[in-house]
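To start, the structure itself, in structure tokens.
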Amino acid sequence: MERYIFYIVAAIMIVFAIAAVNSRKMMRSVIYLLFVLMGVAGIFFLIDYNFLAAIQLTVYAGGIIVLMIFSVLLVHHIELELEIAKTSKRIITAIASLIGIGVFLTTIYSYNFNVIENTKTTTTAEIGEKLLSYSEGGFILPFEVISVLLLAVMIGAIVIAKGGKLTDKNEETT
Amino acid sequence: MIAGISIYELLTLTTVIFFIGVYGFITRKNLISILISVELIMNASVINFVIINKYLYPDMLQGVLFSIFIIAVAAAEAALAISIIINLYRQIGSVEVKDTEIMKY
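Residue numbers (my numbering), protein chains in the order written: chain R, 1 to 174; chain A, 175 to 279.
Rendered as structure tokens:
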């Protein structure tokens, strides 16, 4: 059963990823990306890691996609067709990507992974304890660094997005 | 781990998505489309972290914790990139890569 669900989710992800990088309409491309991100969340659910699946759905599907739709609507007409790269460039890039996939897959399939059969689920309590533990192997330092980074990004995004007006006001006063 | 699915199939899936992202990154000429391709690449790497943790080292949590940090950094990056794009659109009226010649605040 899980096998078939995985294959369906994988097929959806690959098809919509190709559609997202090939669609000539900006808005559709963002929506195709939304399907890929939901497929990623589906993989996390299948692999028994519900916490990250929930984070993926809220942060990506709920946050980043809305932000992208917002910016697309601000900077584009909705029916505007994108200019596409030259056909020769597209073909060369596609061939290079296929060669890259070939190299990666031969490396992966020639390596013998030491897989441990298990059915462990990662509970949220375990993750929380590990994130806040300051003993050896704990993740309190990256956790704090990430929180400072998010604060800096929040302020930076506001300052950059308001940039024009702020400089205008400064020029008027001086 | 997923019953009946080997690690090779999952790694194949992430490899394909990663290279679709690379293809889009090179061929697209629009800043928002490039950001979409970067998101694809990031997501492929996040799945890789989680599945290698789950299949090879099920008793450890390093991979699953780093995936959370990657998602946080990706969200921060997307927010900053979109604010830069909006500011750029106000100044030069375009989000095409070839028109982007200034990055002066």
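Even for Gly, the Cβ is constructed at its ideal location relative to N, Cα and C.
Along the chain, where does the alpha helix (DSSP H) that runs through residue i open and close?
| i | result |
| --- | --- |
| R:Lys89 | Thr87 to Ser110 |
| A:Arg202 | Run containing A:Arg202: none; DSSP gives neither H nor E here. |
| A:Leu235 | It is not in any alpha helix (DSSP H) - A:Leu235 carries neither H nor E in the DSSP assignment. |
If you measure between the beta carbons of residue i and residue j, is that distance less than 8 Å?
| i | j | result |
| --- | --- | --- |
| R:Arg24 | R:Leu73 | no |
| R:Gly42 | R:Val66 | no |
| R:Val115 | A:Tyr231 | no |
| A:Met216 | A:Ala248 | yes |
| R:Met13 | A:Leu205 | no |
| R:Leu150 | A:Ala255 | no |
| A:Val224 | R:Tyr32 | no |
| R:Ile140 | R:Ser133 | yes |
| R:Val21 | A:Tyr197 | yes |
| R:Glu2 | A:Gly178 | yes |
| R:Leu46 | R:Ile108 | no |
| R:Lys130 | A:Leu239 | yes |
| A:Leu235 | R:Ile95 | no |
| R:Ala152 | A:Ser257 | no |
Ordered along the chain, which non-local residues of its own chain (more than five positions away) have a Cβ less than 7 Å from that of residue i?
| i | result |
| --- | --- |
| A:Ile208 | Phe199 and Arg202 |
| A:Tyr182 | none |
| R:Phe44 | Leu52, Ala53 and Gln56 |
| A:Leu262 | Val269 and Thr274 |
| R:Thr174 | A caution first: R:Thr174 carries a pLDDT of 46, below 50, which makes its placement in the model unreliable, though a value can still be read off. There are no such residues. |
| A:Ile226 | Gly237 |
| R:Ala85 | none |
| R:Phe35 | Ile12 and Phe16 |
| A:Ile259 | Leu205, Ile206 and Val269 |
| R:Ala19 | Tyr32 |
| R:Thr124 | Phe51 |
| R:Met68 | Val30 |
Kindly list the residues whose CB is nearer than 6 Å to the CB of residue i, restricted to its own chain and excluding five residues on each side of it in sequence; keep chain order.
| i | result |
| --- | --- |
| R:Leu37 | Tyr60 and Ala61 |
| R:Met26 | Val72 and His76 |
| A:Ser241 | Val220, Phe223 and Val224 |
| R:Phe143 | Leu131 |
| A:Val271 | Lys203 |
| R:Thr122 | Tyr49 |
Assuming the contact rule is C-beta atoms closer than 8 Å, residue i and residue j should be a hit. Round their C-beta distance to whole Å, please.
| i | j | result |
| --- | --- | --- |
| A:Ser219 | A:Ile244 | 7 Å |
| A:Asp193 | R:Ser97 | Looking at the sequence provided, one finds Phe at residue 193 of chain A rather than Asp. That pair is a contact at about 4 Å. |
| R:Ile99 | A:Thr189 | Actually they are not in contact, since the Cβ atoms of R:Ile99 and A:Thr189 sit about 12 Å apart, beyond 8 Å. |
Within the same chain, show all residues whose beta-carbon is closer than 8 Å to that of residue i, passing over the 5 residues directly before and after it, in chain order.
| i | result |
| --- | --- |
| A:Ala252 | Leu209 and Glu213 |
| R:Lys120 | Asp48 |
| R:Leu166 | Its pLDDT being 48, under 50, R:Leu166 is placed unreliably in this model, and the coordinates cannot settle the point. |
| A:Ile176 | Leu184 |
| R:Gly39 | Val9, Ala10, Ile12, Met13 and Phe16 |
In chain C, which residues lie less than 9 Å from residue i when you measure between Cβ atoms?
| i | result |
| --- | --- |
| R:Phe35 | In summary, chain C is missing from the structure at hand, where the protein chains are R and A. |
Checklist entry - Taking only runs of the alpha helix (DSSP H) that begin and end inside the region 120-153 of chain R, which ones reach a length of at least 4 residues, in chain order? => result 124-132
Checklist entry - What residue ranges within the region 18-91 of chain R form continuous alpha helix (DSSP H) runs of no fewer than 4 residues, ordered along the chain? => result The DSSP assignment places 26-46, 50-55 and 65-75 as complete runs of the alpha helix (DSSP H) inside the region 18-91 of chain R, in order along the chain (cut-off: 4 residues).
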